[in-house]
């Protein structure tokens, strides 16, 4: 199954956080897991979705 790799810019736009925040999270082992590809950082789309699911407030039905 194809799981696209997203750039820091794409994830920053998607989550609405500055790129610097993503780099800080990565250096502190927080936030979604990232992959080092060459000189850049990439994120699997599924990792971002999982991260969002884990940080969604539980609401009663």
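In my numbering, the protein residues as written are 5 to 65.
Using N, Cα and C, we set each Cβ at its ideal position, and we do this for glycine too.
On a predicted model such as this, the values are computed, not experimentally measured, just so you know.
The DSSP-derived three-state label of residue 15 is helix. Between the C-alpha atoms of residue 35 and residue 5 there is a straight-line separation of about 24 Å.
Around the beta-carbon of residue 38, 16 or more other beta-carbon atoms lie within 10 Å, marking it buried.
In this structure, residue 11 sits away from residue 48, with a CB-CB distance that is not shorter than 8 Å.
If you check the CB distance, residue 7 and residue 50 come in under 8 Å.
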